[in-house]
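Residue numbers (this note's numbering), protein chains in the order written: chain D, 1 to 111; chain R, 112 to 220.
Encoded as structure tokens, the structure appears first; notes follow it.
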Amino acid sequence: NAGVTQTPKFRILKIGQSMTLQCAQDMNHNYMYWYRQDPGMGLKLIYYSVGAGITDKGEVPNGYNVSRSTTEDFPLRLELAAPSQTSVYFCASSSGTGVLLFGSGTRLTVV
Amino acid sequence: GQNIDQPTEMTATEGAIVQINCTYQTSGFNGLFWYQQHAGEAPTFLSYNVLDGLEEKGRFSSFLSRSKGYSYLLLKELQMKDSASYLCALGHAGNMLTFGGGTRLMVKP
Numbered sequence: 001n002a003g004v005t006q007t008p009k010f011r012i013l014k015i016g017q018s019m020t021l022q023c024a025q026d027m028n029h030n031y032m033y034w035y036r037q038d039p040g041m042g043l044k045l046i047y048y049s050v051g052a053g054i055t056d057k058g059e060v061p062n063g064y065n066v067s068r069s070t071t072e073d074f075p076l077r078l079e080l081a082a083p084s085q086t087s088v089y090f091c092a093s094s095s096g097t098g099v100l101l102f103g104s105g106t107r108l109t110v111v
Numbered sequence: 112g113q114n115i116d117q118p119t120e121m122t123a124t125e126g127a128i129v130q131i132n133c134t135y136q137t138s139g140f141n142g143l144f145w146y147q148q149h150a151g152e153a154p155t156f157l158s159y160n161v162l163d164g165l166e167e168k169g170r171f172s173s174f175l176s177r178s179k180g181y182s183y184l185l186l187k188e189l190q191m192k193d194s195a196s197y198l199c200a201l202g203h204a205g206n207m208l209t210f211g212g213g214t215r216l217m218v219k220p
């Protein structure tokens with residue numbers, strides 16, 4: 001099992017550009033999450049999903065969109081990138097126990 | 112809000128014991144979780160408490176008191192590799208976690 005796989009690992013975007021952060025898990029977990037972590041800070045929930053076809057907003061959803069067409073994949077879309085979206089993005093999944101398994105993260109810089 | 116508070120930084124000596132506190136202002140949560148995060152890496156699960164009391168897992172233990180709005184993570188026999196950030200998180204319906212800001216622990220020889 002690969003666990004939770006995130007791509008890309010690093011990306012530099014110009015202001016106003018768009019991109020999709022990919023996340024895939026091979027553990028058949030129903031629950032998936034996107035968090036962002038600013039330097040020296042904790043994790044803030046952007047969006048989450050409790051199963052295929054179901055998504056919901058977290059604490060900081062503005063400027064982002066998600067979809068969950070399959071159990072395995074949970075991509076995060078950034079439209080019109082802004083410097084405030086410079087952060088490390090973590091995808092995570094869970095079987096429902098409350099224990100989250102995180103991917104290795106995507107470091108995004110918006111300039 | 113849930114206001115999860117942790118000290119920003121702590122320093123301890125190799126071989127010693129350190130206690131990292133976490134306080135919160137909410138009564139509605141399913142469990143309290145602790146994660147470890149080494150610099151530049153993803154968080155990894157350490158421990159959780161659903162009921163009040165102490166949960167022991169090797170060198171790490173976690174304690175919860177719901178009535179006092181308080182939890183701590185206890186690390187014994189500190190090793191240099193324990194230098195990391197420790198994140199306290201509350202679990203909610205929908206299997207969601209809300210994280211505190213984390214405590215950066217530096218272990219010195």
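We treat Cβ as the ideally placed atom computed from N, Cα and C, and that holds for glycine.
Bridge partner(s) assigned by DSSP for Thr124 of chain R: What you label residue 124 of chain R is simply residue 13 of the second sequence in a count that begins at 1. In the DSSP output, where bridge partners are listed per residue, Thr124 of chain R has R:Lys219.
Residue-level contact to chain D via CB, Phe140 of chain R, 7 Å cutoff: Counting from one through the second sequence, the residue named residue 140 of chain R turns up at place 29. No, its Cβ sits nowhere closer than 7 Å to a Cβ of chain D.
Closest Cα partner of Leu100 of chain D within the set D:Gln25, D:Ser69, D:Leu21, D:Leu108: If you number the first sequence from 1, residue 100 of chain D lands on position 100. Measuring C-alpha to C-alpha distances from Leu100 of chain D to each of D:Gln25, D:Ser69, D:Leu21, D:Leu108 identifies D:Gln25 as the nearest.
Chain-ordered chain R contacts of Ser104 of chain D [CB-CB under 9 Å]: Locating residue 104 of chain D in the first sequence gives position 104, counting from the first residue. The answer, in chain order, is Glu152, Ala153.
Backbone secondary structure at Gln130 of chain R - three-state DSSP: On the second sequence, position 19 is the one that residue 130 of chain R refers to. Strand at Gln130 of chain R.
Ser93 of chain D versus Met27 of chain D - alpha carbon distance: Taking the first sequence and counting its residues from 1, the one referred to as residue 93 of chain D is at position 93. Taking the first sequence and counting its residues from 1, the one referred to as residue 27 of chain D is at position 27. A straight-line Cα-Cα distance of about 9 Å links Ser93 of chain D and Met27 of chain D.
Counted within 10 angstroms of its Cβ, other Cβ atoms place Leu80 of chain D as buried (16 or more) or exposed: As a working note, residue 80 of chain D is residue 80 in the first sequence. Residue environment: Leu80 of chain D is assigned as exposed (fewer than 16 neighbouring CB atoms within 10 Å of its CB, all protein chains considered).
N-terminal and C-terminal residue of the beta strand (DSSP E) that Ile46 of chain D is part of: The sequence position of residue 46 of chain D within the first sequence is 46, counting from 1. Run containing Ile46 of chain D: 43-51, per the beta strand (DSSP E) assignment.
Under 7 Å by beta carbon: chain C residues contacting Val66 of chain D: Going by chain labels, chain C is absent from the structure shown, which instead holds the protein chains D and R.
Touch test, the region 158-172 of chain R against the region 7-21 of chain D, Cβ-Cβ under 8 Å, three pairs minimum: no
Cβ pair Ala123 of chain R, Val218 of chain R closer than 7 Å: As a working mapping, residue 123 of chain R is identified with position 12 in the second sequence. As a working mapping, residue 218 of chain R is identified with position 107 in the second sequence. With respect to Val218 of chain R, Ala123 of chain R sits close: the two C-beta atoms are nearer than 7 Å.
7 Å Cβ cutoff, Gly202 of chain R in contact with chain D: Taking the second sequence and counting its residues from 1, the one referred to as residue 202 of chain R is at position 91. Closer than 7 Å: yes.
Length of the line joining the Cα atoms of Pro220 of chain R and Gln147 of chain R: Position 109 of the second sequence, counted from the first residue, corresponds to residue 220 of chain R. Position 36 of the second sequence, counted from the first residue, corresponds to residue 147 of chain R. Rounded to whole angstroms, Pro220 of chain R and Gln147 of chain R show a C-alpha spacing of 20 Å.
9 Å Cβ cut-off: residues of chain R touching Leu45 of chain D: Taking the first residue of the first sequence as 1, we reach residue 45 of chain D at position 45. In chain order: Met207, Leu208, Thr209, Phe210.
Beta carbon of Val88 of chain D nearer than 7 Å to that of Arg107 of chain D: Residue 88 of chain D sits at position 88 when you count from the first residue of the first sequence. Residue 107 of chain D sits at position 107 when you count from the first residue of the first sequence. Yes, Cβ-Cβ distance for Val88 of chain D and Arg107 of chain D is below 7 Å.
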